[in-house]
Structure formats: C-alpha cells, structure tokens
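Chains as they are written, first to last, in this note's numbering: chain R, 735 to 1024; chain W, 224 to 613; chain V, 2 to 233; chain P, 20 to 255. For every residue, glycine included, the Cβ atom is placed at its ideal position computed from N, Cα and C.
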Amino acid sequence: MSPPDTSTTSSGQGFWEKFALLDRRIIFAFIFLALALPLFYTIRQPIAVSPEGRAYYEAIENLPAGSKILLSFDFDPPSSPELQPMAEATFKQLFTKNCKLVVIGLWPQGPQQAEKALASALLDTLFKDKKLEYGVDYANLGFMAGNENVIKKMNSDIPSTFPSDYKGNATASLPIMRGVKNYKNFDFIIDFSSGYPGTREWVQFCVDRSGSKMIAGNTAVQAPENYQYFHSGQLKGLLAGMKGAAEYETVSNQPGKGVSFMGAQSVSHLIVMLFVILGNIAYFVSRRKR
Amino acid sequence: MRKPLLAVPFASLFLFSFASAQAPPAPVTNLEAKDTPNDRGEQVDLSWTVSPDENRAANPVIGYQILAAPAPDSPFVPTGTASAGSKQATAKDGLKNGKPYYFKARAYAMDSSFAESEVAGPAVPKGQWWNTKPNYTRIFIGMVFLVGAILYNILRAKKKELYIRPIAGINAIDEGIGRATEMGRPILFVCGLGAASDAATIAAFSVLGRVAQKVAQYQSKLIVPSYDPIVFPICQDVVKGAYINAGRPEAYSDKDVFFVVQDQFPYVAAVNGIMLREKPATNFYLGKFFAESLILAETGFQAGSIQIAGTDELIQMAFFIVACDFTLIGEELFAASAYLSKEPEQVGSIKGQDWGKVVFASLTILGVISVFLESKIHFFSLFKKLFVAE
Amino acid sequence: MMRREIPLFITSAVGFIFIIRFFIPHEPFGSMEDTASSWIQVIQAFAIWLGVLNLLKVSLDKIYKKEKGWGYAGIIILSFLAISIAGFFFPFWESQSAGDSYLQHARKFQYPGTSFDWFYTYVYAPLSSTMFATLAFFIASASFRAFRARSFQATLLLLSGFVVMLGGVPIGNVLFSWLPQGWQVSDIADWVRNVPQVAGQRAIQIGIALGIISTSLRLILGVERSHLGGEG
Amino acid sequence: MPEMVSITIAGFLTLGIMSFVYKDNPIYKFCESVFIGVSAGFWFVSIFYQSLLPQLTDKIGLTGELADSALAYYRQSSSLASAQWFNLIAAALGIMMLMRLLPKIGWISRWPLAFVIGSIAGLRLIGELQTNIITQIKESILPLWAPQYVDGSLNLAASVGQSLTNIVLVAGILTGVIYFFFSKEHKGVFGGAAKVGIWFLMVTFGAAFGLTVMSRMSLLIGRIDFLLRDWLHWLG
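Take a look at the structure:
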C-alpha cells in the first residue's frame, strides 16, 4: 500500500508553502522544549483510569494476603521510564499485602532492572519495619536464555530451568522456593514487558497452557497488541505505558514519577498535534494555490 | 519418598502469630483424591469442602497442607499446599506413577494448630495417552485441516500454476531497483532483526534473491548489513547465487553483504550511519522489525531514499505505513515472496492459508448466527458447544 | 548428507516431538521435550556468543586491513575488552565477602557497586536509552510529514491517530470537557482502541498466524530449506 | 569512581547520541562505536554467568556451588535424572554453533541450528493456532444484538451501543480477513468488502501510531530528566 505522496512540490514562496517543507530540526527543538520545560513545574491534571488499569490494581488487591507471585522482568534500560514506575508501585502494593515475590528475567537486563525497582521499594518507610528478607519474602532467580522455551519449560519444572538464583544460591535451597515446581504453585503471574519475548509469549505458553492468572505492564507501544488478550480474559489486567503507570499510581494512591511526568506528556502531545494541524493547513492552502 | 521439604516454609508462614493457644479449627470434609487427568503422571488431584472455621473471628484457618502415604497406616508426609478458600489442590511432591497413595488434608489455623481430615484414597497417579480437553481437540482438528490444506495445495501448485492476485507493493520493488540504476546510487536491503527461522525472514530471503538478480543485471550496487550471525551467511549465499544466475558472478563482493552487530540499537546506529554516508536510492526493510523501524525509515527519508517495507510485526506496520513509500502488510509479505519466487511450496502455502481464512470466516459467521438460533435449532446449539464451550 | 540431510532430519524430529508432546501427556514425550528445551537454552546462549565473536572478527579484520573507519573498529574492540574484563576479572580488585568461594564471589559480577554494574549504569544504559529516545523526535517529524488528509484512507489514519493521541493524555479531556459524560475524548479513544483497532489487528494477526503456521510446517517437513543457506 | 564523574560521562554519552538528530558527526560515531563494543561485552559476560554456567555446570555439580540438598533435589527430579550426560551433548551442540566462525567446517553449525529451528517451528505451529486462531474465533463470535439490562429492565441506549460495537467488531474482522485473501482479485462486492477492510486497517494503524507517541515521549522524558535532574541538578 502506498501512503500519500510525500514530496510536496512548492512553486510559490508563500509562508505555508515553506512551512510544508519545514526543516524537521525545528520540530525537534520544539519537542525537546515541550518535554523539558514542564519538568520545572508541577502540572495538576485529573488522571482518568482505564478499565484495564483498574483491573490490574484490583487483581492484586483481591489476592489473598501472603500469596506467592512470579514476576518476569522482560525489558531493558531504554524502556525503564515507562516500566520502572509500574514495577516499583507494584512491588509496594505486593509487599503491603505480604506477598512472596519471585523475580525472573527473560531479558538479560531484566533482573538488574528488578534489583533497582526492589531496592527503591524496600527503601520505602512502609516496609522498613517489616524486615523483608531475601530468600524468604522475595528472591531474584536472574536471567535465562531461551525465550519462549524458558516459559514453556517452567511449566514442568522451575528449579531446573533456573538452577541458581541471581546471587548464585541454589534455587531449590531458597525457603521461598520450597515446594515450588511449576506455575501451579504460584497464585499469580506478573509480566513487565517491552517486546519479544514478553507478554504475548507468556500468554501463549504460560497462561494458555497452565491456566495461570496473569496481569501485565507493557510499554505503550506494545500494549495495543495485547489489549485483545485482556478482552478475551487471557490477561486479567494491563497497564499501558507511562499513562498506565500514572493510572496505577492514582488508583493505588501512591503518586510518583508516572504522575509527575504526565504534564510533560500533555504538552508534548499538544505540540505534535499542533504541528499536524499546521501541516494540514499548509497542505490545503498550497494545494488550492496550485 | 522425599523428605518433607514443605514443613519448614509452611511453619514460617506462622512466624507472625503470637496468639496464645486457642481452639483448634474444624477439619476439612469430603476429601476426595483422583489421578490428575491429561497429565504425564506423578500427580493426584484433591478436592474437599473447606473448613467452616475459615471465617471465624478468632484464630481462623489460613491454609491447608496435603499429606500423602503409600498405605493408610504408614506415616504421612507433606506433598502440597493450598491457601485458605481453595477447594482443591494438586499433590505432586514425591508421587510415583502406578503406585497407590492415600491422602490427608490439614487445616492450619493462625496459631499453627491444625486439624486433620479423614483419609482419602487410594488414588494411583498415571500418565494419559491423549489430552482430551476440548480445546486440545479443537487445536488438533484445526491442525489436521490446515496441514492437509497446505500440503494438498503444494501438490496442486506443483502440477499447474495457481493464481495469486497481484499485490500493490510488488511493482514498487522493480521501480525501486530501476530508480537506483538511473540515479547511479546503491540499494540498501535490511532483512530485519529476526532469526533465520522466522517466517518473515524466510520471506525476505526470496525477495532479496529477486532484488539481487535485478541489481546484477542492471549493474548497480547492493548493500546488505546483517544483524543475526546466522542470517548473515544465508544473505551472502542468496546474493551470490543471484549474481551467478544473472551471469555476473564477478560483480559479487563479500564486502557488500556484511555482519554488523547483534544488538538492536547499536545495529540501528550503524545502519543510520550507512544511510547518511552512502545515500542509497532505495531502501528495503523486509523481515522482522521492532522499535528501530521508525528510526530507520525517518533517517532513510532524510537521506532521500525511496523506501519499501514489509513486516509481520503488528505495531511496526503502522510506522512503516506512515513513513515509507510502500508497505507490505503482514501476510502480504509472505504472499509477495510467493508471487516473486513462483515456487510451488510457497504458492501452495498461500493457497492453503486462504483456505484457512475461508474456514475462519465461515466459523465466525456460523458462530454469530448460532448465538441467535441456539435455542431454536439443535445444530447451532451443538455448534456453539463445539466452538465456544470451554 | 552430513551437511543437508542430517540437519533436515533433526529439524523434523524435534519439531515433531514438540507437536506430539502437546497432545500426548504420557511419557516419554514430556521428558524428551524438557531435555530438548534445556539444550536449546544452551545453544541459544552460544548463538549470542557467536554474534559477539563475529563482531570481533569483523572489527579485527577492519583494523588489520586498515579499511576505512578502522579507528572506530578499534574503539569497538577497546570498549568490548573494558567491560568484559570488568565482568570476568573484577574479583581481583573488589573485596570478597567472607565465606564466599571465588565463583560465588565472581557471580556477583553485576551487583550494585561492581565495575560491571558501573559500565551498565553509566555507559550501556545511557547509550541505549538515548538511542531509543531519539524516537521521540522522529515520531514527531513523521507525524508532521505523513499525517495529512490527502485521501480518504489517509484521513482515517490521521483521525484515528489524532483522537488516540488526544485521548491518551489527561489534557485531552480538559480541553474538551464540554463533551457529554461518556463521550469524553478519552472514551472515544478507548472505543477506537477497543473496537476498530482490535478488529483490524485480529484480521492482520490471523493472516500472520496462518503464514507462520505454514512456514513452520514447511520447515518441519523439510521443504523449506533457505535457512540452511545455498551451498553444500 | 566519584559519582559526579560517572554521571558526567553518562551525560556526555547521552548528548553524543542525541547530536545525531541534528547531524551525523564524529562524536556520534565515537559513541556509536563505544555502544557497539560495550553491548557486545555486556552480552558476552551476562550469558556466561547467567545462562551457561548455571545450565552447564551447576546442575551436574561441577562447580561444587550447590548445597547437597539442592543437588539431591535435581538428581531426584525425573526430568533431570540423566541430565548429567545429556548436558555435555548440549555443550557440544553449542560449540558446534561457534564453528560458524571457521569457513571450512562452518556447515556443522547447521546441526544445532536445525535443533533450534525444529523446536521453534513445532512450538509456533501449535502456539499460533491456539492463541491467534482458535481463541480468536471464539472471541469473534459475538451477539449482534446485545441487550443490556439495568436493574432488570432493558436499557435501549446501552443495548444499541453494545450491539453496534459488536457489529463493528465482527464486520471489521471479516472485511479485514477478506482484504488478506489472495486467491481472488479485489473486484465487485468482494472488492468493496476488501476496501472496507483496508479502512479498518488504516484506523488500526492510526491508533497504533497515536498510542506510541506517548511511549516515545516517555523515553525522551526519561533522558531529559536524567540530564536535568541527575546530572545538572536543575530539578529538585
């Protein structure tokens, strides 16, 4: 399929003709400013919570206290502005409910991101007194290569898929992993993902095959692909991008970076839309002249 | 039988309870044990009626533990757990196929006191030879149909040429090659970030062969930077083969089909550089693409190239549609590869896939009708049961 | 034979086991699949190494032959060596906690505070994040250039993009707060996302799924051989 | 290294890559090369410790890292009963993969490759059928008249709304599938349906693009936040 012709020939030298061929670096400058300046101010704006976002929060809220949760970190630093705020807020909600957390990563950078999110959640004053202990309350099993194969193999044997944890301890020796054989031993699965392997593979090879319940945090790019799984019930909740993080922070009443970045989002979106509108005016004006 | 590994963590669940001894809870009742269906064995399903003390205010039941033994009077060892509220669990620790087991369930209260149920069993864990869940049956039928349709059409395509409708992007491919020749600038071909086994990459190989052959005939230059170390030598083979077919093997150079790096953004950084330095007349992006799609397409536009894209990655299609001159959407990429190669295997596959679509559409329409008529006509209620029921 | 038939046979056999295993829970297929999965984990790890070694080979070649840009190839090699040394040999200069064996210690190579973690946090992460972030600029310039109402199709593309963009940020609802309850911009955006977009995606997805199924089938049956390469 | 120096290095690398959107330049090329090298090293080391070491050595007790109880666990678990020797085969296959680097015997890498491809083909054949076809048929079977009840009485507006939604969904899916039908030319009624299909695809792509804008802006916000807050301390 061919999109509309992009080479707008300009014979006249009017403002709009020139504008239609604007040097894109001018747009770049506007975008940079639109994102940078709002960070200096706090922009108050109401944040509407989508059904998927609310479902995500409620799915966790409805878990029995002390549930055992498997979290998969399938993203790398570039996606962390979107996923890290979600992960931190999720950890906090889970620890509040005394859940036991087991973290894995299908991306090599995942476990490292998980450590950073855990560290920030554990610093929270809420949990200082709880004395959450590694190996008992949470564990990080590290990265394993093999993509969907790893997901599938965990369905039959998790300790053999991850023989040792991130710190080099034998997985089977961790108190939290005692009695854990496969997905059936987890009450819930949470996936933070920004691509392949990610939520789609988890749905295909874990949810569809083991019947586990799962929610996911996705980048805004990846989310559209996975909405269908939310609608079909294969996912119980879904957070999409920075807005999802802001929604979740709003619903769970723990405003953080997600909420504060939304101001810059609003301004930059307005700038992009402004350029689209001006571009269309330029297009129609120069077409009429021709 | 294995040591009772479970005892330790289970006890740790109660670390926070300092309540003084209170009344022990009532046990679960109606405990039943039977072999888990549709599994490889070594598991037994248990179900019960929950303890009435789950919701009492003082010292409620907070979890269950399953114990197993080879005989009703031999010692029972833990083999599974369940949280409060659950009515079933699967016992799996230490069970062996073909041996009878007896089971007990313990209801644990807040203060670690517990009550044991009656003994249930025996149940003999064993593996099954066929998964009888309805969805598995559906998948099996679907698979048999599709495999049959594709194979039948491949055989048909071997006997005579089958019709595939022309696809808009295909002419653009030849035009793009012509443009490069006229302008005396090279052509850039990116096979994407997929592995050699990805359907999109395999389709890209076919198109690459076609492009390389034309390039060899017109005596222009082709640049193929590779991402995957396994896709890389295949690209070399494909291009070399095309040059030989075109009768100009001497024009092929290993330097033009090269390996870059196997990490997404470093790869993009490098290809960006190639585009701005070599200024190709036409860029092909065929195969699997991820976030880099728009960076490539915008940089290519900046370099003044005509761009033709095709991918089976849902999200990236949108970027290619917006930023490229021609885009093969999803399955169109596979169809284009079949159309260009004319290989009966590929053409037959496309035909078989079309049969699949006909069945998909028919089932959807029948299904929509059946939602209306299921109460009136038996056929439709049966249909709905077959396709919609769990 | 060794070069073609055996690989084709391996592909068929493994593919067949993975399919059979889905329908037949009984042993030995389950164990066979588990073993195959373990092996694949190892093979794929080596495949990533292959990519790395290939890069080194190409770069060293460039330096050796003093090709154009060989200086940059040198930078590649140096950066590679720096982070690899930090990863493999850091225990020599970072203190070992009591009771750890050497390997246990070495495994903590990416703990916060190690040299490897330094490279990850201050070199790798900013570089990859920034490369990815340039997309913000490109998505703006692409929308400016291509979102123009040149035809009916292009207008649909523009409108749905516009509505979803506006509905995505809180300010959208603020600007159009005069719209009736239930018809707010974010509601319309949600509807576009949940109805026509889901429909379009499902149609595309089905086509792709069929394409992948038939390619997989050809691979398993050994009629698709392009992945083996041309020669031999 | 002092935090400030580290952050300054990160800041300069950030600006170096960003400079590309203005113009290709030597500083960008330098950053690009550092990036390629560091990422290769990152994978090289991570794969060794996180994947190869656990998979190849730990399970069979070569490294002596695992407690006896854990080893006993692995030995007992049925799928690993014979893992000791089988893992050596895996290592051999892995090394065959590396042979790709040597032109003369590079063909041997086809064996492990064939192994991986077979597994992926088998998995995808079933997986795509299950997740993207069978489940999607089920999901596409929607009532075209969907009465909505509020407190037991029919709510006409909501019913019409839901019904329209369902009709649009089913129509969109069917016309979209027709667009991807390759055995027949797009003419007449069939061509008309295909045209409606392409409209749906356009809306889909527009929405996908619009949704992505936020994601991409997020990435840049993350970087700007780093530059202004962590590096320059201009933000509180």
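Does the distance from the C-beta atom of residue i to that of residue j stay below 9 Å?
i	j	result
Leu230/P	Pro958/R	yes
Val594/W	Lys574/W	no
Gly350/W	His27/V	yes
Pro780/R	Val175/V	yes
Gly344/W	Pro323/W	yes
Gln968/R	Val941/R	yes
Ala504/W	Arg433/W	no
Ile529/W	Glu384/W	no
Tyr325/W	Ala305/W	no
Output, in chain order, the set of chain P residues within a Cβ distance shorter than 8 Å of residue i.
i	result
Val43/V	Ser70, Leu71, Gln74, Leu75, Asn106, Ala109, Ala110, Leu112 and Gly113
Thr12/V	Ala133, Phe134, Ile136, Gly137 and Ala140
According to DSSP, simplified to helix, strand and coil, what is residue i?
i	result
Val836/R	strand
Glu255/W	strand
Lys444/W	coil
Trp179/V	coil
Thr534/W	strand
Trp126/P	helix
Asn506/W	strand
Cys414/W	strand
Val480/W	strand
Leu755/R	coil
Tyr168/P	strand
Arg379/W	helix
Thr360/W	helix
Ser70/P	helix
Gln288/W	strand
So with CB distances below 9 Å, who are the chain R contacts of residue i?
i	result
Ile66/P	Pro842, Phe877 and Ala879
Assign residue i to buried or exposed, taking buried as 16 or more other Cβ atoms, counted over all protein chains shown, within 10 Å of its Cβ.
i	result
Tyr775/R	exposed
Met23/P	exposed
Ser172/P	exposed
Leu519/W	buried
Arg758/R	buried
Met3/V	exposed
Lys310/W	exposed
His601/W	exposed
Leu1026/R	The question about residue 1026/R has no answer here: the residues shown for chain R are numbered 735 through 1024.
Tyr47/P	buried
Gln442/W	exposed
His252/P	exposed
Trp1/V	Lying outside 2 to 233, the shown extent of chain V, residue 1/V is not represented and no answer is given.
What residues of chain V sit near residue i, judged by a beta carbon separation below 7 Å?
i	result
Val545/W	Ala143 and Ala147
Met23/P	Within chain V, no residue comes near Met23/P; the closest Cβ sits about 11 Å away, beyond 7 Å.
Using a Cβ cut-off of 8 Å, pull out every chain W residue sitting near residue i, in sequence order please.
i	result
Lys48/P	Gly496
Please list, in chain order, the chain P residues whose beta carbon lies closer than 9 Å to that of residue i.
i	result
Ala793/R	The premise fails here: Ala793/R is roughly 20 Å from chain P at the closest Cβ pair, so nothing lies under 9 Å.
Gln185/V	Neighbours of Gln185/V on chain P: none; closest Cβ ~15 Å, over 9 Å.
Asp220/W	Because chain W in this structure spans residues 224 to 613, residue 220/W falls outside the shown range and cannot be described.
Using a cut-off of 8 Å between C-beta atoms, extract the partners of residue i located in chain R.
i	result
Met233/P	Ala954, Gly975, Met976, Lys977, Gln999 and His1003
Met166/V	His1003, Val1006 and Met1007
Report the neighbours of residue i on chain V: residues whose CB is nearer than 8 Å to its CB, in chain order.
i	result
Phe39/P	Thr135
Below 7 Å on C-beta distance, what does residue i contact in chain P?
i	result
Ile76/V	Phe49, Ser52, Val53 and Gly56
Tyr386/W	Ser202
Interface residues of chain W around residue i at Cβ under 7 Å?
i	result
Ala177/P	Under the 7 Å cutoff, chain W gives no residues; its nearest Cβ is about 18 Å from Ala177/P.
In chain R, which residues lie less than 7 Å from residue i when you measure between Cβ atoms?
i	result
Trp164/P	Within 7 Å Cβ-Cβ: nothing; Trp164/P doesn't reach chain R, min ~20 Å.
Run through chain W and tell me which residues come within less than 9 Å of residue i, C-beta to C-beta.
i	result
Gly945/R	In chain order: nothing, as chain W lies at least about 10 Å away.
#### Entry: Near-chain W residues of the region 947-981 of chain R - C-beta to any C-beta below 8 Å
Val955, Gln956, Pro958 and Glu959
### Task
Check each residue of the region 797-827 of chain R: if its Cβ is closer than 8 Å to any Cβ of chain W, include it; give the result in chain order.
Pro798, Gly800, Ser801 and Pro812
### Where the region 511-528 of chain W meets chain R: residues whose CB sits under 9 Å from a CB there
Lys511, Phe513, Ala514, Glu521, Phe524 and Gln525
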